Amino acid sequence: MYLGLDLGTSGLKGVLIDDDQRVVAEATAPLSVSRPEDGWSEQFPADWIAAAEAVIGGLPVAGRAAIKGIGLSGQMHGATLLDTSDNVLRPCILWNDTRSHLEAAELDANPRFRAITGNIVFPGFTAPKLVWLKRHEPQVFGRVAKVLLPKDYLRLWLTGEHVAEMSDAAGTSWFDTGRRAWSEELLAATGMGPGTMPRLVEGSEVSGLLRPEIAGRFGIPASAVVAGGAGDNAAAGIGVGVVSAGQAFVSLGTSGVLFAANDGYRPDPATAVHTFCHALPGKWHQMGVILAATDALNWFAGIAGTGAGALTEDLGPLRAPGKTRFLPYLGGERTPLNDAAIRGAFIGLEHATDRQAATRAVLEGVAFAIRDCRDALAATGTRIDRLLAVGGGSKSAYWLSAIATALGTPVSVPVAGDFGGAFGAARLGLMAATGAGAEIATPPAIAQTFTPDPTLTAAFDDGHARFRAAQTAIKGLT
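Each step along the sequence shown adds one to the number in the working numbering, with nothing skipped, and position 200 is 200.
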């Protein structure tokens with residue numbers, strides 16, 4: 001058996017798979033977020049341990065006794081601060097905490113950060129959090145001996161080792177993403193030393209063995225290895241078999257993610273594309289992120305007084321975009337605009353704009369935003385030959401048809417099953433335990449594929465051009 005643990009923001013999930021990668025058991029435990037001040041978002045690491053204890057303890061005894069490898073996945077960018085005795089100094093500052101926006105802007109103004117990391121310094125990244133801490137909580141900053149990312153604190157509890165892996169480390173703003181190593185220059189620029197960083201391994205490598213206390217308590221063999229693991233999106237990539245150039249997935253959750261695997265390092269931070277290491281040696285990945293995907297549809301459903309499913313189920317076959325356009329920037333936008341101030345809009349409303357027309361405009365607006373992400377990735381030389389759709393929005397056939405036609409790329413939906421971060425982490429645990437590699441990260445079976453409609457390609461190209469024109473027009477107005 002191989003165990004994957006995925007430490008999310010709202011809960012921790014454990015998945016147990018066998019040698020044939022069949023899910024044989026799973027368990028979850030909820031987590032809550034503390035918001036003590038406006039823009040702050042924190043969690044207590046002790047709650048992660050309690051959740052992990054509940055999840056592991058909730059798995060079958062026989063399954064735990066057969067575990068050979070454990071993989072870890074989790075929310076990225078969080079700052080877990082430890083003293084010399086590994087005591088937690090303060091609650092973890094999470095990925096969606098914006099208190100360090102001024103510090104992030106200051107670091108990003110130093111061209112060396114983009115040059116070395118291949119990414120913009122976003123407020124949610126780890127390095128600006130430590131600069132904020134030095135200014136606002138100097139007594140805590142002075143005691144920091146180690147900085148761990150959230151899933152790597154779980155690893156410390158499991159193994160007693162301070163270890164990170166490449167995909168998660170790439171989201172700190174301290175990492176040389178091309179060299180796959182910590183940057184002493186960037187650490188020094190934020191008042192940190194290399195000794196405060198954990199040792200690095202690849203996601204599919206062994207990071208350590210279970211502490212005897214943990215192995216005995218949960219009935220797991222002492223020989224079980226703990227893999228490096230991955231950040232949440234890279235783990236999802238492993239789970240859906242997106243591991244080589246040309247492969248990609250689009251996640252239609254609250255936010256939208258276009259994730260593409262690469263065999264080389266091709267950053268372009270000016271487009272707000274994330275370029276990170278993948279969880280496998282010699283692999284990288286790029287992500288375009290839009291902040292409102294199903295969030296935009298749910299917002300409109302609330303206004304329309306019905307459920308999102310009811311809005312989309314009776315739209316019929318794909319139609320050409322109409323005059324009504326929707327810009328899905330309800331809370332700013334990441335890729336390619338990197339604009340926290342821009343807001344959304346309906347444009348081109350007319351008497352003929354009924355509920356169905358407005359719904360189609362919302363779906364088209366998100367599809368065009370994803371096309372913007374695709375174009376940003378393509379500008380770096382990244383190609384997408386096939387696209388898997390995951391997340392709640394992938395239940396809408398109309399939406400997937402619109403995305404396929406807007407991008408000119410077939411979009412496939414996997415059969416029902418869990419192919420998320422926990423499953424990807426379990427695969428990494430299998431790799432670490434057996435020496436297997438990317439060849440076991442196969443794509444899931446496909447339930448349905450949506451192909452671009454050639455009769456509507458020109459209409460969607462024109463619709464995207466009008467979307468971009470509206471995007472330019474509303475900048476500064478909203």
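Idealized CB from N, CA, C, for every residue including glycine. Quick caveat: nothing in here was measured; it's all calculated off a predicted structure.
- Comparing C-alpha distances from Leu3 to each of Val225, Arg179 and Leu156 shows the shortest one belongs to Val225.
- Taking 8 Å as the upper bound for CB-CB distance, Gly429 and Ile70 are in contact here, some 5 Å apart.
- Listed in chain order, the alpha helix (DSSP H) elements of length 4 or more contained wholly in the stretch 179 to 204 are 184 to 189.
- Nearest to Gly195 by C-alpha distance, out of Val201, Gly219, His162 and Arg343, is His162.
- In the structure shown, Glu161 adopts coil according to DSSP, grouped into three states.
- Where Phe249 is concerned, there is no enclosing alpha helix (DSSP H), although the beta strand (DSSP E) around it starts and stops at Gly246 to Leu252.
- The Cβ-Cβ distance between Leu82 and Val88 falls below 8 Å.
- About 10 Å separates the beta carbon of Ala406 from that of Leu318, a gap too long to meet the 8 Å contact definition.
- Counting only residues of its own chain and dropping the five nearest sequence neighbours on each side, Thr312 has a CB closer than 8 Å to the CB of Leu297, Thr359, Leu363, Ser396, Tyr398 and Trp399.
- The beta carbon of Gly421 is closer than 6 Å to those of Asp6, Ser73, Asp232, Ala235 and Ala236 in its chain, skipping five residues each way along the sequence.
- Between Leu59 and Leu12, the CB-CB gap reaches or exceeds 8 Å.
- Excluding sequence positions up to five before and after Met197, its CB lies within less than 6 Å of the CB of Trp182, all in the same chain and listed in chain order.
- In terms of CA proximity to Ala46, Leu156 leads the group Trp40, Leu156, Gly344 and Gly39.
- Excluding its 5 nearest sequence neighbours in each direction, Asp263 has C-beta neighbours in its own chain below 6 Å: Ala245, listed in chain order.
- In terms of Cβ geometry, Ala230 and Ala425 form a close pair [threshold 8 Å].
- Taking C-alpha positions only, Gln75 is separated from Lys151 by approximately 7 Å.
- Taking C-beta atoms as the reference points, Pro444 and Thr409 fail to come closer than 8 Å.
- In the three-state reduction of the DSSP assignment, Ala230 falls in the strand class, which pools E and B.
- For Gly391, the number of other beta carbons within 10 angstroms of its own is at least 16, and it is reported as buried.
- Here Gly203 is near Ala279, since their CB atoms are less than 8 Å apart.
- Under the three-state reduction of DSSP, Asn298 is assigned to helix.
- Residues Thr405 and Gly408 of the same chain have their beta carbon placed closer than 8 Å to that of Thr457, with the five preceding and five following residues left out of the count.
- Between Ala293 and Pro212, the alpha-carbon positions lie close to 45 Å from each other.
- A distance below 8 Å between beta-carbons, with the five flanking residues on each side excluded, links Ser223 to the following residues of its chain, in chain order: Lys68 and Leu209.
- Here Val250 really is in contact with Ile370; their C-beta atoms are around 6 Å apart, less than 8 Å.
- CA-CA distance, Ala432 to Val240, rounds to 18 Å.
- With a cutoff of 8 Å on beta-carbon distance, Asp86 and Gly39 are scored as not near each other.
- Beta-carbon to beta-carbon, Thr380 and Arg266 are separated by about 4 Å, close enough to satisfy the 8 Å threshold.
- Unbroken beta strand (DSSP E) runs of no fewer than 3 residues, entirely contained in the stretch 24 to 82, are found at 69 to 74 and 80 to 82, following chain order.
- Within the stretch 368 to 455, complete alpha helix (DSSP H) segments of at least 4 residues are found at 397 to 407 and 421 to 434, given in chain order.
- Close CB contacts of Leu349 within its chain, under the 7 Å cut and outside five residues either way in sequence, are with Thr324 (chain order).
- The stretch 130 to 139 and the stretch 27 to 38 do not touch, with fewer than three beta-carbon pairs separated by less than 8 Å.
- Counting only residues of its own chain and dropping the five nearest sequence neighbours on each side, Ala66 has a CB closer than 7 Å to the CB of Met1.
- Ranked by Cα distance from Thr80, the options Val415, Asp314, Ser41 and Ala438 are led by Ser41.
- Under the rule that a run must span 4 or more residues, the alpha helix (DSSP H) segments found entirely inside the stretch 303 to 380 read 308 to 313 and 355 to 378.
- Of the residues assessed, Arg64 falls on the buried side of the cut-off, its CB having 16 or more other CB atoms within 10 angstroms.
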